[in-house]
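A short write-up of the structure that comes next.
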Amino acid sequence: MPLSRRSLITAAAPLGLGGALATSGCFSSGASESGTLVFATALTSAAGLSPHSEDAFLLARWAVAETLLGLDDNGLPVPRLALDWVQTEPTAWDLTLREDVVFHDGSPLDAFTVAVALNSAAQSASVPRVIDGIGLSVDDTGEHTLRLTTDLPDPVLPQRLSSPYLAILSMGAYASDPVDPVGHATGPFAITESTTTGVVLERNDDYWGEPAKMAGFRADYVPDAATRVAALRSGEAHVIEAVPYAQIANLDPSQLQDAPTGRTVSLYLNTANGPLADPALRAAVAAAIDTAPIVDDIYEGRADAPEGLFGPALAWAADHRGYTLPAAGTPNGEALTLATYSNRAELPETLTVLAAQLEAAGFQVETEVREYNDIEPDMLAGDFDAFLMSRSVVQDSGDAYTYLDSDFTSDGGFNAALLADPAVDVAVASIAAAAEPGMAPEDAAAARQSAVLDAEAVVLATVAVIPIAHERLVTGVAGGAANVTSDPREREIITAATTME
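Numbering-wise, the sequence shown is residues 1 to 501 according to full-length UniProt numbering.
The following block contains the structure:
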């Protein structure tokens, strides 16, 4: 396939971001020759594979760790390790577990172990954002029954329980810090070897569900996007995640899986410190940004123009509310530091375009690009004036409320904009009360979704965040791999159904 001029230019972009290509990963010809599937992941382990960190999504995408509940296509809870759930009091839910589940270490799944797992997450030094601030507490009420309580009524607690952050591990996992999932999970694959370059996994022959089709596979940490693409083309990897948009032309169409996703690229503005604490200057930033060249060129047409925080992959979000921005001020050479991370190759390029647009508007701009695990603490500390981030708006719980609550409320655990706006707090809190007791699940979901869109408008009016593009999920699949999942919530990639010729 002929390469476009832009593809030829951007294929080399990682070399311009500060040094040689990151070649993290342990590719070897032996894996291909033996018929073992090799999966190149964009994320690297940052916390010893603890599910209380972003590593939770590695465990989910490898089909290693499982949660009490899952989600259907409409975002409603479905059984996983738990079979039944009912809200018995405004602040209490009772769950019933499966009785045929065995952990990888041979111990049985019971209510006491589940209570330890969930309480460990709720009491960890860094509480997972999906449950941060809800006051979750869990008690076993029988061998396979338990009660979950929260400080306030929480109608989406079942959806929260689907989050990879709340994966259930056996007692042995909690004997170390960080929590260690190796040999302690329940999924169709078990980790048999874990190193700084990746993991080796084998089929769990005692799995409670349909057994895995493959005997095992290997997952390599390959944060550099160009390296992942090169590995797919050479046959050193058979599945790669987060194919860079700039390199789509380098792959045969048969090697690409394209699916809509609830992921939005947004520029988060620091509302507490620096020049952008002034709403008028935030509005000036918004006025200066033109997303068209980013959507059309950088994302190669495989992204959608921003409609708000929630894109076209979420059909219910089409009825966006109107809102009014503050009057835009006039930039007068204010110095801004814009930052992003290199794990997604298109983000540094997008940052360059945004920086040029803001400089043209009258700002002085410096940019900073680092690997995500390294830059996240500084981002959350407010060290930058603006941070460009690709964020799944339904990844944590499948319900958009938890995204709005964690990212934009005064007490939010992932509030990159450092926003503290009473109107936003009220609007987001109203989502939790939108569904009346006794409503059918479908009606309750519709009521909450309407309240989400109301809150979205209030958030956008603060100019704490500027949507840039709605991404599509592009996964590379080649070399005989099949039944690789393209999950809009980005929780699943390798599953029990995945095969390798």
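Cβ atoms here follow ideal geometry from the backbone N, Cα and C, with glycine treated the same way.
Going by beta carbon distance, what residues of the same chain come within less than 8 Å of residue i, once the five residues before and after it are set aside?
i, result
"V130", "R160, S163, Y165, L166, D396, S397, T402, S406"
"T324", "A461"
"A360", "A288"
"L83", "T96, L97, R98"
By the three-class DSSP mapping on this structure, what secondary structure does residue i have?
i, result
"P275", "helix"
"V114", "helix"
"I494", "coil"
"P260", "strand"
"S53", "coil"
"residue 543", "The structure shown does not extend to residue 543, since the chain spans only 1 to 501, so no value can be given for it."
"P293", "helix"
"residue 506", "Limits of the chain in this structure are 1 at one end and 501 at the other, which puts residue 506 out of reach."
"E307", "coil"
"S32", "Per-residue confidence for S32 stands at a pLDDT of 49, beneath the threshold of 50, marking its modelled position as unreliable; the derived number appears in the next sentence. Three-state result, S32: helix."
"Q123", "coil"
"E350", "Residue identity check: residue 350 is Thr in the sequence provided, not Glu. Looking at T350 - three-state DSSP - the assignment turns out to be helix."
"S24", "Its pLDDT being 43, under 50, S24 is placed unreliably by the model, and the measurement read from it follows with that caveat. Note: S24 maps to coil in three-state DSSP."
"P326", "coil"
"I240", "strand"
"E89", "strand"
"L83", "strand"
"Y165", "helix"
Going by C-alpha distance, which of the options is nearest residue i?
i, options, result
"W208", "P293, P108, T149", "P108"
"R489", "G382, S53, G106, P260", "P260"
"T141", "D154, T113, E202, A416", "T113"
"R448", "G216, P155, P253, T150", "P155"
"E66", "P79, I248, E471, A433", "P79"
"E89", "P253, G438, P293", "G438"
"V243", "L256, S234, N373", "L256"
"L309", "G301, E300, R302, D319", "D319"
"A464", "L388, A60, P51", "L388"
"A355", "E371, G106, A335", "A335"
"T475", "A225, A272, N270", "A225"
"D206", "F39, G183, I375", "G183"
"E456", "F103, V393, E501", "V393"
Output needed for residue i: all residues of its chain with C-beta closer than 6 Å, excluding positions within five of it in sequence on either side, in chain order.
i, result
"S410", "A420, D425"
"E368", "A339"
"E210", "A496"
"T23", "Because T23 sits at a pLDDT of 40, beneath the cut-off of 50, its placement in the model cannot be relied upon, and the following sentence gives the value as read from the coordinates. Excluding sequence neighbours, T23 sits near T227."
"I298", "E346, E349, T350"
Keeping to the same chain, check which residues put their C-beta closer than 7 Å to that of residue i; ignore five residues upstream and five downstream.
i, result
"H144", "T96, L97, E99, D110, A111"
"L157", "W93, L148, T150"
Considering residue i, what are the terminal residues of the beta strand (DSSP E) in which it resides?
i, result
"E143", "Element bounds for E143: n/a, residue is neither H nor E."
"M389", "386-392"
"R472", "465-477"
"R218", "216-221"
"T485", "Premise fails: T485 is in no beta strand (DSSP E) and is neither H nor E."
"E202", "198-203"
"F39", "37-41"
"Y403", "Here Y403 belongs to no beta strand (DSSP E); instead the alpha helix (DSSP H) covers 400-408."
"V78", "77-79"
"L71", "69-71"
Residue i: buried (16+ other C-beta within 10 angstroms of its C-beta) or exposed?
i, result
"S45", "buried"
"T498", "buried"
"T192", "exposed"
"V484", "buried"
"A20", "Confidence is the limiting factor: at A20 the pLDDT is only 30, short of 50, which leaves the residue's position unreliable, though a coordinate-based value still follows. Exposed, since its Cβ has fewer than 16 Cβ neighbours within 10 Å."
"A381", "exposed"
"N74", "exposed"
"D55", "buried"
"T291", "buried"
"P441", "exposed"
Just to confirm the assignment, what range does the alpha helix (DSSP H) spanning residue i have?
i, result
"Y372", "372-380"
"T227", "225-234"
"Q247", "No alpha helix (DSSP H) holds Q247; DSSP gives it neither H nor E."
"E442", "441-461"
"L336", "No alpha helix (DSSP H) holds L336; the beta strand (DSSP E) holding it covers 335-341."
"V424", "422-432"
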